[in-house]
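Numbering (this note's numbering), first residue to last: 1 to 351.
Here is the structure:
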């Protein structure tokens, strides 16, 4: 459905009514730059970025130096992936709004996307100076430090952000990531609980919680977290894979096999899923399908000794002596200990 401005309606009825209300006012006041900016902001809120760009352009035609129009235009272009053009608008926005921390934050984000961490850090520091009580500058300043691997500074800034906004999920999530990178998985899980208490539909947080629980071998917790992620988005191959691994560890084999297969349907190049499908089928004495799964895993990730070993076992059990010998020969180049073990399993007690 399009209005007279050629813009398609998206979002819920309230959002459409808000946009329509602004458009009714624009019919009466087409030269009102503030209304065009509001129109662009409303469209950008609905993620109608291309349409919002048109509104901001009209505002800038009327008032070429309006900082809010420049800022909105930059944000929409950034969302559209037009990074260089977006950054040019952010630079102009900072010139028009030198005391607005939001403009400096946007400029810093633009530099971050452009992989210019030094300038990003400078812009975020300026935003922090202008708004020391805001959580956003603290967060992005921490992010800039993170890009430079200055972990102590990162943690301090993120923790300061949480002091300002204890329920601020972005900072808590980042602290969880940092804690995980530093090997403190239990602390990471604590931060993720904070995140999910306020953002229960954040799939990435559920997946990270599941991964941490799996690393801690808390398989029931991992299964719950990955199941939640799958329920929120059934198209995430990594969520299905994580759920499969947890179910496998809990010896819920058939359920695990279903999830491994679903992960492979979504992403055929998952060697871990393919290998574990083969392992389950090997245990079930389904040697033909097991060998197929192992070979597919090796196509994706060649040269993994454990896969060659299990492929050799499967080939031996289905009576393919030549195939098993071939895997022994391959393993002699990759892992002589596994090669000797495979030879002993298939042919003699040793060489």
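From the three backbone atoms N, C-alpha and C, an ideal C-beta is built for every residue, glycine too. In this text, all values refer to a predicted model and were calculated from it rather than measured experimentally.
{"Item": "Should residue 370 go down as buried or exposed, given a rule of 16 or more other Cβ atoms within 10 Å for buried?", "Value": "Only positions 1 to 351 of the chain appear in the structure, and residue 370 is not among them; the question remains open."}
{"Item": "With 16 other CB atoms within 10 Å as the buried threshold, where does residue 333 fall?", "Value": "exposed"}
{"Item": "Check the C-beta distance from residue 331 over to residue 316 and give it rounded, since I have them as a contact under 8 Å.", "Value": "That belief does not hold up - the Cβ atoms of residue 331 and residue 316 are roughly 13 Å apart, past 8 Å."}
{"Item": "Would you call residue 72 buried or exposed, if buried means 16 or more other Cβ atoms sit within 10 Å of its Cβ?", "Value": "buried"}
{"Item": "Leaving aside the five residues before and after residue 300 along the sequence, list all residues of the same chain whose C-beta is less than 7 Å from its C-beta, in chain order.", "Value": "269, 271 and 274"}
{"Item": "Going by Cα to Cα distance, which pick from 216, 198 and 199 is closest to residue 352?", "Value": "The requested residue 352 does not occur in the structure, where the chain is confined to residues 1 to 351."}
{"Item": "For residue 337, count the other beta carbons within 10 Å of its own beta carbon; 16 or more makes it buried, fewer makes it exposed. Which is it?", "Value": "exposed"}
{"Item": "Is the distance from the Cβ of residue 173 to the Cβ of residue 205 below 7 Å?", "Value": "yes"}
{"Item": "If you draw a straight line from the alpha carbon of residue 92 to that of residue 106, how long is it in whole angstroms?", "Value": "11 Å"}
{"Item": "Taking just the CA atoms, how far does residue 69 sit from residue 56?", "Value": "6 Å"}
{"Item": "Less than 8 Å between the CB atoms is what I'm expecting for residue 127 and residue 108, so what's the real figure, rounded?", "Value": "7 Å"}
{"Item": "According to DSSP, simplified to helix, strand and coil, what is residue 319?", "Value": "coil"}
{"Item": "For residue 63, which option in 49, 33, 39 and 293 has the closest C-alpha, if you only look at C-alpha atoms?", "Value": "33"}
{"Item": "How long is the line joining the alpha carbons of residue 248 and residue 282, rounded to whole angstroms?", "Value": "14 Å"}
{"Item": "What does a CB cutoff of less than 6 Å around residue 349 pick up in its chain, not counting 5 residues either side in sequence?", "Value": "In this prediction, residue 349 scores a pLDDT of 46, lower than 50, which makes its location untrustworthy; no coordinate-derived value is stated."}
{"Item": "Return helix, strand or coil for residue 118, following the three-state DSSP convention.", "Value": "helix"}
{"Item": "Could you tell me how far apart the beta carbons of residue 235 and residue 208 are, in whole angstroms, since I believe they sit closer than 8 Å?", "Value": "No, residue 235 and residue 208 are not in contact; Cβ-Cβ is about 18 Å, not under 8 Å."}
{"Item": "By how many angstroms is the C-alpha of residue 276 removed from the C-alpha of residue 53?", "Value": "48 Å"}
{"Item": "So what's residue 294 in DSSP terms, helix, strand or just coil?", "Value": "helix"}
{"Item": "Are residue 342 and residue 328 close, meaning C-beta to C-beta below 7 Å?", "Value": "yes"}
{"Item": "Is any beta-carbon of chain C found at less than 7 Å from that of residue 194?", "Value": "The chain inventory of the structure shown lacks chain C, comprising one protein chain alone."}
{"Item": "Here's the rule: buried if 16 or more other CB atoms are within 10 angstroms of the residue's CB, otherwise exposed. What is residue 87?", "Value": "buried"}
{"Item": "With residue 304 and residue 345 assumed to form a contact (beta carbons below 8 Å), what rounded beta-carbon distance in angstroms separates them?", "Value": "At roughly 18 Å, the Cβ-Cβ gap does not stay under 8 Å, so residue 304 and residue 345 are not in contact."}
{"Item": "Taking DSSP as the reference, what is the three-state secondary structure of residue 29?", "Value": "coil"}
{"Item": "Below 7 Å CB to CB, which residues in the same chain sit around residue 296 once its five sequence neighbours on both sides are set aside?", "Value": "274"}
{"Item": "Based on Cα-Cα distance, which residue from 293, 259, 82 and 46 lies nearest to residue 113?", "Value": "82"}
{"Item": "In the DSSP assignment, the alpha helix (DSSP H) including residue 277 goes from what residue to what residue?", "Value": "271–283"}
{"Item": "Would you mind sorting residue 288 into buried or exposed? The rule is 16 or more other CB atoms within 10 Å of its CB.", "Value": "exposed"}
{"Item": "Looking at the secondary structure, which residues open and close the alpha helix (DSSP H) in which residue 207 lies?", "Value": "203–215"}
{"Item": "Quick check: what's the CA-CA separation for residue 258 versus residue 319?", "Value": "28 Å"}
{"Item": "On the CB-based measure, 16 or more other CB atoms within 10 Å of its CB, does residue 39 come out buried or exposed?", "Value": "buried"}
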